[in-house]
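Novice:
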Amino acid sequence: MGKDRTNPAEADDGRFRLRARVTAGFLLGMALVLGVGGWAATAQLTGAVIAQGEVAVDQNLKLIQHRDGGIVSSIAVREGDRVTAGQVMFRLDDAQTRAELSITSSQLIELAARQARLIAERDDQPAIAFPPDLDDTAPEIASLLAGETRLFDGNRLNRESRKQQLELGIVQIGEEIAGLEAQRAAKLEEIELVEAEHLRISALTEARLVEISRVFATGRERSRLLGERGEIEAAIARARTRTSEVRLQVIAIDETARTEAQRELSLVETRISELQDRRAAIEDRLTRTDIRAPISGVVNEMKVHTIGGVITPAEVLATIVPEDARLKIAAQFAPASIDQIAVGQTARLRFSAFNQRTTPELEGVMTYVAAATSRSGTTGDSFYAGDIEVGPAELAKLAGLQLMPGMPVEVFVTTEERSAISYLAKPLTDQFNRAFRER
């Protein structure tokens, strides 16, 4: 026969082998499912919140600024230099400030000399008592003091001359009064003689020895003399009044001089007070032409490099990292994960600026979590700020690598442990929960 016939024993053996392979595959699949499922149900995985951060200092950087601005005349430091508190970092050109101070000081010296002269005139002193701080050895000051002395002597001589003229007038009036008094005495003698003659003629008239017209004539003479005596006495009174007026003028010369000196002195003292305040402000400005380090630390972020350059008021010239400041990690956490962040949590830190193969990860502890969001000035995104402190033992792992403020850091904040199956099932359960909520 031309057809092949299959041996029944060989067919049974093939079916047995196929069934054995299927069974083995099924058992292996079940073992794999049970093994993976058991691992997913029992294995605990550590979660982490990932954030970006940077190296910072636990104190604020000190900004080096100048209130008024000016022209840079010298730069004494470079970026990275270590400075001590009070060390000069920049110096501004002070030519204009010194010129203003010189002018103000000269005005104060002039006013001080004038003040001393006016006080001497007000108090009627014989000489000016200049303040001891006016150094008369300096030619300019000596010339100024000499000028005030000449003015003082000239004013005093002028007053004395005017008083002498008035005193001379008083003497002349006195002589005039003396002459009038002599005339009055002569008139009194004449009056006595006329009265005696009048009495004698009156007696003769009564005896009818002389005519009565003689009596009238002596009476008229007596009346005339009495009138002249009255005029003389009135002239004496007027002269004495003039004497009093002239004496008042003599007194008024000194009083007017004192009053005028006091009035001018008040103006001078007001001006002195204004200039003293102005000088104090200029001296303060002059001291601030030397821009000094407020604290000890390291110069950072130099913004000024040009001698002769102009700086504006409050412009930041540089910053100083405080010498005793400790480093920290300032991180920014997404608002969606802030519920998993708390003070005291452990964080792993990875420094991308260093070689990742040779630089170990460091561990730190969350020391601060912001209570509200902040907004990034560059991207506008909201974030929660957090600080992470790294201990000295962890920093020693860097083996000489130096952390500098501003270095980028990847932050992994450790969260609670969860089973692997919860990670796998969470998207499904979240979708399931959302699916059955009313919209």
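Under the numbering used here, the sequence shown is numbered contiguously, ending at residue 439.
In this text, a Cβ means the ideal position worked out from N, Cα and C, and glycines have one as well.
For M89, which three-state DSSP category applies?
Specialist: strand
Novice: Mapping DSSP to helix, strand and coil, what is V77?
Specialist: coil
Novice: Take R350 and list the residues in its own chain whose beta-carbon comes closer than 6 Å to its own, dropping the five residues that flank it on each side.
Specialist: Result list for R350: E361, E410, in chain order.
Novice: Mind checking whether I64 and T287 have CB atoms under 8 Å apart?
Specialist: No, Cβ-Cβ distance for I64 and T287 is not below 8 Å.
Novice: Report whether the distance from the Cβ of T104 to the nearest heavy atom of the ligand FAD is below 7 Å.
Specialist: Ligands are entirely absent from the displayed structure, and the ligand FAD is therefore not among its contents.
Novice: Give me the Cα-Cα distance between L401 and Q340, rounded to the nearest whole angstrom.
Specialist: 31 Å
Novice: Please state the DSSP three-state secondary structure of S102.
Specialist: helix
Novice: Are the CB atoms of E54 and G297 within a distance shorter than 8 Å?
Specialist: no
Novice: What's the C-alpha gap between R271 and E264?
Specialist: Those two C-alpha atoms are separated by around 11 Å.
Novice: Sort out for me which residues DSSP pairs L349 with in a bridge.
Specialist: Answer is L362, V411.
Novice: In angstroms with no decimal places, state the Cα-to-Cα distance between P313 and I71.
Specialist: 11 Å
Novice: Please report the straight-line C-alpha distance between I232 and E221, rounded to a whole angstrom.
Specialist: Those two C-alpha atoms are separated by around 17 Å.
Novice: The alpha helix (DSSP H) with V463 in it runs from where to where?
Specialist: The first residue shown for the chain is 1 and the last is 439, placing residue 463 beyond what the model contains.
Novice: Going by C-alpha to C-alpha distance, which of R357, L111, V390, R19 sits closest to G147?
Specialist: Out of R357, L111, V390, R19, the CA that lies nearest to the CA of G147 is found in L111.
Novice: To which residues does DSSP link V316 through a beta bridge?
Specialist: BP columns for V316 point to Q65.
Novice: Check for me: the beta strand (DSSP E) holding A330 runs from which residue to which?
Specialist: 327 to 333
Novice: Would you list the residues sitting across from E221 in a DSSP beta bridge?
Specialist: BP columns for E221 are empty, so no partner.
Novice: Applying the 10 Å Cβ sphere with the 16-neighbour rule, what's the burial state of R150?
Specialist: exposed
Novice: Just checking my contact of L144 with I109 at CB under 8 Å: how many whole Å lie between their CB atoms?
Specialist: Yes, they are in contact, since the Cβ atoms of L144 and I109 sit about 7 Å apart, within 8 Å.
Novice: Report the rounded CA-to-CA distance for T346 versus M366, giving the unit in angstroms.
Specialist: Whole-angstrom Cα-Cα distance: 6 Å.
Novice: Specify, as a first and last residue, the run of the beta strand (DSSP E) that E389 falls within.
Specialist: 382 to 389
Novice: Please give me, in chain order, every unbroken run of the beta strand (DSSP E) with length at least 3 that falls completely inside the region 258 to 300.
Specialist: 290 to 292, 297 to 300
Novice: Which residue from Q262, D254, D81 puts its Cα closest to that of R159?
Specialist: D254
Novice: Can we say the region 235 to 251 touches the region 194 to 208, given the rule of at least three CB pairs closer than 8 Å?
Specialist: no
Novice: So, at 8 Å on beta carbons, what are the nonlocal neighbours of G443 in its own chain, with the 5 sequence-adjacent residues on each side left out?
Specialist: The structure shown does not extend to residue 443, since the chain is modelled only from 1 through 439, so no value can be given for it.
Novice: Below 7 Å CB to CB, which residues in the same chain sit around T218 once its five sequence neighbours on both sides are set aside?
Specialist: V194, E197, H198, I201
Novice: Compare the beta carbon distance of E121 and A257 with 8 Å and say whether it is the shorter of the two.
Specialist: yes
Novice: Any idea if N300 is buried or exposed, counting beta-carbon neighbours within 10 angstroms, 16 or more meaning buried?
Specialist: buried
Novice: Between E79 and the rest of its own chain, which residues show a CB-CB distance below 6 Å, the 5 nearest in sequence each way excluded?
Specialist: V299, M302
Novice: So is L168 buried or exposed if we call it buried at 16+ other beta carbons inside 10 Å?
Specialist: Under this definition L168 is an exposed residue.
Novice: Excluding the five sequence neighbours on either side, which residues of its own chain have a C-beta within less than 8 Å of the C-beta of D381, listed in chain order?
Specialist: Cβ neighbours of D381 beyond the five flanking positions: R375.
Novice: Return helix, strand or coil for V250, following the three-state DSSP convention.
Specialist: helix
Novice: Which residue wins for smallest C-alpha separation from I177, given the options T379, F216, I236, T137?
Specialist: Minimum Cα distance to I177 is reached at I236.
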